[in-house]
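In the UniProt record's numbering, the protein residues as written are 1 to 458. No residue lacks a Cβ here, since even glycine has one placed at the ideal position from N, Cα and C. Report on the structure given below.
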């Protein structure tokens with residue numbers, strides 16, 4: 001019965017993907033391939049449509065590093081930037097991200113693979129242009145948490161041990177029992193895997209596996225460090241970042257746009273990636289005004305240069321001439337030194353905090369005085385206004401034509417945790433003191449009672 005239920009779930013997933021425009025093939029009926037071949041060479045050659053380069057492309061795709069993580073990073077780079085072909089001195093793309101219908105999306109089930117001693121058949125594999133990029137493991141539809149753990153163990157242990165070659169191309173994996181699902185990478189623990197928006201499999205398939213959304217996700221939202229560590233973005237964060245992009249493109253009044261539901265970690269880096277890859281923002285530069293507490297951002301950017309495909313510039317002062325499609329980091333304290341540097345550039349995105357803890361009240365008053373005197377002694381347009389009450393007001397009018405993104409203040413859970421630990425520690429000392437006093441008073445009372453009985457008996 002369990003096998004029948006798994007087959008029904010597998011058939012349901014395939015039907016949904018077929019409705020989304022995916023081609024379907026049953027793995028056992030595929031002809032012209034050996035069990036050890038994990039690429040669909042016919043689809044790959046059809047997409048390349050150039051017999052003079054296809055052999056070199058296939059050679060590079062098959063000669064990947066032995067380590068799965070390193071191979072994943074190479075395949076990710078090939079997908080992002082194309083494969084460099086020496087004979088023609090240019091990069092050949094493996095996926096057309098701008099025109100989804102130019103790609104071959106194929107769903108295959110029960111494909112027999114044998115690259116060692118055992119033959120394995122993954123439930124469902126998503127191929128794009130002949131590359132096995134997503135692997136599914138589906139289990140009996142039961143509302144039990146251990147079912148998903150069984151699927152996770154089967155993919156990350158059994159299959160990884162027996163058919164490691166296919167995982168060199170897999171960008172992420174999916175496990176589901178119909179009622180719930182998880183998706184993540186091969187080397188992340190299951191607690192770090194994500195749910196999309198709704199936990200049910202059908203919502204997940206309808207949303208993420210839309211062709212355009214899936215290509216957007218592959219292009220911008222699979223975060224990988226210079227050390228080949230990979231993280232994925234949840235569905236809620238994906239929608240939040242795209243909502244910010246849509247607000248930017250529709251923001252004709254240059255209003256401040258809040259950054260919501262994007263955590264200050266690798267999710268912020270994916271926001272930068274999406275900004276730099278958006279076609280309408282290709283000629284824009286980004287200035288991120290950081291604080292002394294933003295060391296995490298410096299550290300994260302330093303290991304994300306491969307992912308961003310650029311090296312962020314740490315600017316000691318706000319520049320007047322910006323390179324297009326470049327990321328600048330400017331410390332807010334440096335901006336206070338030269339507060340009146342202004343630009344009318346209209347291809348600029350400014351990212352700032354809602355509040356800067358390092359800005360004290362006195363320095364804020366001095367900053368306003370400097371700005372007022374500077375503007376009075378020049379013939380420039382006066383942006384100073386006594387009704388501006390926050391730093392963001394002045395920043396907005398110092399860059400009047402820029403797009404302003406404002407990070408919302410995040411709760412500092414480390415400080416809250418320290419306070420709670422201090423309180424618990426205090427309660428611990430108090431409890432210890434009460435126990436000591438109770439023990440002392442009890443011993444004293446027993447001594448008196450024994451002494452009284454002793455005297456009466458004597």
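Please report the straight-line C-alpha distance between residue 314 and residue 277, rounded to a whole angstrom. Numbered from 1 along the chain shown, position 314 holds the residue referred to as residue 314. Numbered from 1 along the chain shown, position 277 holds the residue referred to as residue 277. In a straight line, the C-alpha of residue 314 is about 21 angstroms away from that of residue 277.
Provide the residue(s) that pair with residue 106 in DSSP beta bridges, ordered along the chain. By one-based count along the chain shown, residue 106 stands at place 106. Paired residues: 23 and 127.
Three-state class that DSSP yields for residue 297 in the structure shown: For the purposes of this step, residue 297 is taken as the residue at position 297 of the chain shown. Residue 297: helix per DSSP, three-state reduction.
Would you give the residue range spanned by the alpha helix (DSSP H) that residue 73 belongs to? Position 73 of the chain shown holds residue 73. Residue 73 -> alpha helix (DSSP H) spans 68-81.
Look at residue 128 and residue 97 and say whether their C-beta atoms are less than 8 angstroms apart. Counting from 1 along the chain shown, the entry for residue 128 is found at position 128. Counting from 1 along the chain shown, the entry for residue 97 is found at position 97. No, Cβ-Cβ distance for residue 128 and residue 97 is not below 8 angstroms.
If you run the structure through DSSP and keep just helix, strand and coil, what is residue 16? Translated into the one-based positions of the chain shown, residue 16 becomes position 16. The answer is helix: DSSP assigns residue 16 an H, G or I state.
Pairing CB atoms from the region 192-205 with CB atoms from the region 105-124, are three or more of them under 8 angstroms? no
Contact defined as beta carbons within less than 8 angstroms: I believe residue 70 pairs with residue 246. What is the distance between those atoms, to the nearest angstrom? Working through the chain shown from its first residue, we reach residue 70 at position 70. Working through the chain shown from its first residue, we reach residue 246 at position 246. Residue 70 to residue 246, Cβ: 36 angstroms. No contact.
Is the CB-CB distance between residue 103 and residue 35 below 8 angstroms? Within the chain shown, numbered from 1, the residue matching residue 103 stands at position 103. Within the chain shown, numbered from 1, the residue matching residue 35 stands at position 35. Result no, Cβ atoms of residue 103 and residue 35 do not sit closer than 8 angstroms.
Quick check: the region 266-274 against the region 221-240, are at least 3 beta-carbon pairs closer than 8 angstroms? With the cut-off at 8 angstroms, the region 221-240 and the region 266-274 touch.
From residue 92 to residue 138, what distance separates their C-alpha atoms? Within the chain shown, residue 92 is the residue found at index 92, counting from 1. Within the chain shown, residue 138 is the residue found at index 138, counting from 1. One C-alpha to the other measures close to 35 angstroms.
From residue 305 to residue 215, what does the alpha carbon distance come to, in whole angstroms? Stepping through the chain shown from its first residue, residue 305 is reached at position 305. Stepping through the chain shown from its first residue, residue 215 is reached at position 215. Near 21 angstroms, if we compare the C-alpha coordinates of residue 215 and residue 305.
Residue 179 and residue 141 look like a contact to me (Cβ under 8 angstroms); what is the Cβ gap, rounded to whole Å? On the chain shown, position 179 is the one that residue 179 refers to. On the chain shown, position 141 is the one that residue 141 refers to. With 8 angstroms as the limit, residue 179 and residue 141 qualify as a contact, their Cβ atoms being about 6 angstroms apart.
Contact under 8 angstroms by Cβ, residue 399 with residue 343: One-based indexing of the chain shown puts residue 399 at position 399. One-based indexing of the chain shown puts residue 343 at position 343. For residue 399 and residue 343, yes; Cβs fall inside 8 angstroms.
Can you give, in chain order, each stretch of the beta strand (DSSP E) that sits fully within the region 158-222 and has at least 3 residues? Qualifying beta strand (DSSP E) stretches, in chain order: 172-176 and 181-184.
Cβ neighbours of residue 414 in the same chain (closer than 7 angstroms, five flanking residues each side left out): In the chain shown, the residue the question calls residue 414 occupies position 414. Caution applies to residue 414, whose pLDDT of 49 falls short of 50 and renders its modelled position unreliable; the model cannot decide the point.
Taking the straight line between their C-alpha atoms, what separation do you get for residue 177 and residue 118? Here the question's residue 177 lines up with position 177 in the chain shown. Here the question's residue 118 lines up with position 118 in the chain shown. Distance between the alpha carbons of residue 177 and residue 118 is about 25 angstroms.
So within the region 221-290, which uninterrupted alpha helix (DSSP H) runs reach at least 4 residues, ignoring any that extend past its ends? 235-249 and 266-277
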